[in-house]
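Just so you know, the protein sequences line up as chains A and B, in that order.
The numbering used here applies: residue 1 is where the first sequence begins, and numbers increase by one.
The numbering used here applies: residue 1001 is where the second sequence begins, and numbers increase by one.
Report on one structure; see the data block that follows.
2 protein chains.
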Amino acid sequence: MRGDDLTIGFDADDTLWHNETIFENVHLRYRALLGRFHDAATVDQRLFATEMRNLERYGYGVKGFMLSAIETAIELSDGQISAEEIRLIIALGQDMLAHPVELLDGVLDVVGPLAHAHRLLLITKGDLRDQERKLSLSGLAGLFRAVEIVSEKDAPTYDRILRRHGVAPQRFLMVGNSLKSDILPVLELGGGAAHVPYHLTWAAERVDHVPTAEGRFFQLRSLRELPDLLSAMKAST
Amino acid sequence: MRGDDLTIGFDADDTLWHNETIFENVHLRYRALLGRFHDAATVDQRLFATEMRNLERYGYGVKGFMLSAIETAIELSDGQISAEEIRLIIALGQDMLAHPVELLDGVLDVVGPLAHAHRLLLITKGDLRDQERKLSLSGLAGLFRAVEIVSEKDAPTYDRILRRHGVAPQRFLMVGNSLKSDILPVLELGGGAAHVPYHLTWAAERVDHVPTAEGRFFQLRSLRELPDLLSAMKAST
Chain A
1 MRGDDLTIGF DADDTLWHNE TIFENVHLRY RALLGRFHDA ATVDQRLFAT
51 EMRNLERYGY GVKGFMLSAI ETAIELSDGQ ISAEEIRLII ALGQDMLAHP
101 VELLDGVLDV VGPLAHAHRL LLITKGDLRD QERKLSLSGL AGLFRAVEIV
151 SEKDAPTYDR ILRRHGVAPQ RFLMVGNSLK SDILPVLELG GGAAHVPYHL
201 TWAAERVDHV PTAEGRFFQL RSLRELPDLL SAMKAST
Chain B
1001 MRGDDLTIGF DADDTLWHNE TIFENVHLRY RALLGRFHDA ATVDQRLFAT
1051 EMRNLERYGY GVKGFMLSAI ETAIELSDGQ ISAEEIRLII ALGQDMLAHP
1101 VELLDGVLDV VGPLAHAHRL LLITKGDLRD QERKLSLSGL AGLFRAVEIV
1151 SEKDAPTYDR ILRRHGVAPQ RFLMVGNSLK SDILPVLELG GGAAHVPYHL
1201 TWAAERVDHV PTAEGRFFQL RSLRELPDLL SAMKAST
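What follows is the structure, given as structure tokens:
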């Protein structure tokens, strides 16, 4: 894989800005709200089960989370939860949808300069309006040639995006924190992928095997290591 | 505006398949659920006000509707609504997200043949996953060169879509039921637009003036009139 003339795809949540920390904080408050009915582990487990059951109809994003959280609260309380408490769950979700965007360390130093030398794509899943809001608040929107907000980040989706932009997989590097959504499907297509882990990973994004793809899979500790990786890729041309 | 070499954009909800009738049915059941607290007009009015208040954060689609319906029920009942009744509101929404897709009259006869002679785009707003589900169930997906699910159908959005596909506004005709979302923004860009009204219009899509754009705005009674319009446009070249 050569480093010159690469198109670079960036994931957004937990790659460019904090997201799972915001969810984690909401989970804490949600557990407290349901604490008189069940222990934290049961609350987490049942909420996750509801989210997975609803994923096909709701897709990813905060609105689906809110609806699943309300549904789980009714179930776990055996219908004893009050309307006022459900209003609090809605308020928790609305706070997430109004949360400031906090860029991860290194983003401003790294992504801006890369936009001069490469075509950058933003590829993210979630609610349309919320992802657009965050991108707008991030101040990064002008750096990306195109923004793709998709319902699932699997190989067919990446294939469709690469075809739309006329990019061969061999000339594409995806950068993201999720092995499941950012790395494995791109490697499957023959593209390159750089994994930059975030300190929290949502259970639905966890995978139990490490990708193998000689010369196409790269493990970084921070986005700050990305320019060196690209230089090394160019030097090995 | 010439009829040959036209790219034709289609709206989806209430242009290709029924949508507002499904919402209307849910509104009926929602009014009944809140009937012991308020009359139907008050329920409708407050629900609409909540939806408009939340539009910026939720965007369009069923999930946002569900959240606004729950919020309104709590408000209108002064917190007296039961968890079981809120569960029923969630079930109403989930029914919508599993509702079969019912094509409008004429769609199969008209859209399929057009796909041979023109490049067709589907341009719709709403929840990503739900719109993709409906398109897939409609059996029409293969007819469209591209599908654009957007957060708002305004002039900048149409401009972005037309640029992305390399289509000049003068070579674009948008077909849809909403004057606000399908017709006015396209006319503003210099494109053509054919309005095919649906028998119900959501209050948020209503506009109080009729578009004027000599030779670019067309009022149809049914999608079945579209082929004749295109023939007339070609003949006038």
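Ideal Cβ placement from N, Cα and C applies to all residues, glycine included.
Coil, strand or helix - residue i by DSSP
i                : result
G1139 of chain B : coil
Q1219 of chain B : strand
R171 of chain A  : helix
V1043 of chain B : helix
D182 of chain A  : helix
T21 of chain A   : helix
H195 of chain A  : strand
V147 of chain A  : strand
T7 of chain A    : strand
T1157 of chain B : helix
D244 of chain A  : Shown here, chain A extends from 1 to 237; a query on residue 244 of chain A therefore has no answer.
R274 of chain A  : Since the first residue shown for chain A is 1 and the last is 237, residue 274 of chain A is missing from the structure and cannot be characterised.
G1093 of chain B : helix
G106 of chain A  : coil
G112 of chain A  : helix
L1122 of chain B : strand
E1228 of chain B : With the sequence shown as reference, residue 1228 of chain B is identified as Asp, and Glu is not the correct amino acid for it. Helix, per DSSP.
Backbone CA spacing between residue i and residue j [nearest angstrom]
i                : j                : result
D1105 of chain B : L1223 of chain B : 8 Å
D78 of chain A   : R46 of chain A   : 13 Å
D13 of chain A   : S138 of chain A  : 11 Å
L1067 of chain B : I1086 of chain B : 10 Å
Y30 of chain A   : G1142 of chain B : 43 Å
W17 of chain A   : V207 of chain A  : 22 Å
E1205 of chain B : F1218 of chain B : 18 Å
A235 of chain A  : H99 of chain A   : 42 Å
F23 of chain A   : L1230 of chain B : 51 Å
D1005 of chain B : A1168 of chain B : 11 Å
L76 of chain A   : A1040 of chain B : 32 Å
A232 of chain A  : V107 of chain A  : 20 Å
I1074 of chain B : G1064 of chain B : 16 Å
R1160 of chain B : V1111 of chain B : 24 Å
L28 of chain A   : G93 of chain A   : 13 Å
M1052 of chain B : S1181 of chain B : 16 Å
D127 of chain A  : D1127 of chain B : 7 Å
T202 of chain A  : Y1198 of chain B : Inspection of the sequence shows that residue 202 of chain A is occupied by Trp rather than by Thr. Distance between the alpha carbons of W202 of chain A and Y1198 of chain B: 43 Å.
R163 of chain A  : G191 of chain A  : 13 Å
F48 of chain A   : A1194 of chain B : 46 Å
N1025 of chain B : A1083 of chain B : 22 Å
E148 of chain A  : L179 of chain A  : 19 Å
D1095 of chain B : T7 of chain A    : 42 Å
E102 of chain A  : N177 of chain A  : 16 Å
K1153 of chain B : V43 of chain A   : 39 Å
E1056 of chain B : R129 of chain A  : 8 Å
R1171 of chain B : N54 of chain A   : 42 Å
H38 of chain A   : Q80 of chain A   : 12 Å
H1165 of chain B : F1144 of chain B : 13 Å
A1117 of chain B : D1109 of chain B : 14 Å
Y1060 of chain B : D1011 of chain B : 14 Å
H209 of chain A  : E225 of chain A  : 23 Å
Residue i and residue j closer than 7 Å at C-beta
i                : j                : result
K134 of chain A  : V150 of chain A  : no
T1050 of chain B : E1071 of chain B : yes
L33 of chain A   : V62 of chain A   : no
V1196 of chain B : L1173 of chain B : no
A1069 of chain B : I1090 of chain B : no
L121 of chain A  : A146 of chain A  : yes
E1188 of chain B : A1155 of chain B : yes
Y1158 of chain B : V1175 of chain B : no
I183 of chain A  : P227 of chain A  : no
P1123 of chain B : G1009 of chain B : The residue asked about is misnamed: residue 1123 of chain B is Ile in this sequence, not Pro. Yes; because the gap between Cβ atoms is below 7 Å, this pair is in contact.
task: Anything in the stretch 1207-1221 of chain B with a Cβ closer than 7 Å to a Cβ of chain A? List those residues in chain order, please.
output: Under the 7 Å Cβ criterion, the stretch 1207-1221 of chain B contributes no residue.
task: Can you give me, in chain order, the residues of the stretch 1118-1142 of chain B that have a beta carbon less than 7 Å from any beta carbon in chain A?
output: Identification of residues in the stretch 1118-1142 of chain B having a C-beta nearer than 7 Å to some C-beta of chain A yields D1127, L1128, R1129 and E1132, given in sequence order.
- prompt: Could you give the uninterrupted runs of the alpha helix (DSSP H) lying entirely in the stretch 49-89 of chain A, keeping only those of 4 residues or more?
  reply: Whole alpha helix (DSSP H) segments, 4+ residues: 62-76.
task: Anything in the stretch 35-53 of chain A with a Cβ closer than 7 Å to a Cβ of chain C? List those residues in chain order, please.
output: Note that chain C does not occur in the displayed structure, where the protein chains are A and B.
message: At a CB distance below 7 Å, what residues from the stretch 1056-1068 of chain B approach chain A? Give them in sequence order.
response: Sequence-ordered contacts of the stretch 1056-1068 of chain B with chain A read R1057, Y1058, G1059, K1063, G1064, M1066 and L1067 [C-beta pairs closer than 7 Å].
field: Contacting positions in the stretch 79-92 of chain A - beta carbon closer than 8 Å to chain B
entry: Within the stretch 79-92 of chain A, the residues whose Cβ lies closer than 8 Å to some Cβ of chain B are G79, Q80, I81, S82, A83, E84, I86, R87 and I90, listed in chain order.
field: Where the stretch 1173-1195 of chain B meets chain A: residues whose CB sits under 8 Å from a CB there
entry: Shown here is that no member of the stretch 1173-1195 of chain B has a Cβ falling below 8 Å from a Cβ of chain A.
- prompt: Of all the residues that make up the stretch 1089-1113 of chain B, which are near chain A by a beta-carbon distance shorter than 8 Å?
  reply: Taking 8 Å as the Cβ-Cβ cut-off against chain A, the residues of the stretch 1089-1113 of chain B that qualify are I1090, G1093, Q1094, L1097 and A1098.
- request: Closer than 9 Å, Cβ to Cβ, to anything on chain B: give me those residues from the stretch 142-169 of chain A, in chain order.
  value: Using a CB distance below 9 Å, the part of the stretch 142-169 of chain A facing chain B consists of A146, I149, V150, S151, E152 and R164, ordered along the chain.
message: Short of 8 Å Cβ to Cβ, which residues in the stretch 1-25 of chain A face chain B?
response: Against chain B - using a Cβ distance shorter than 8 Å - the stretch 1-25 of chain A contributes no residues.
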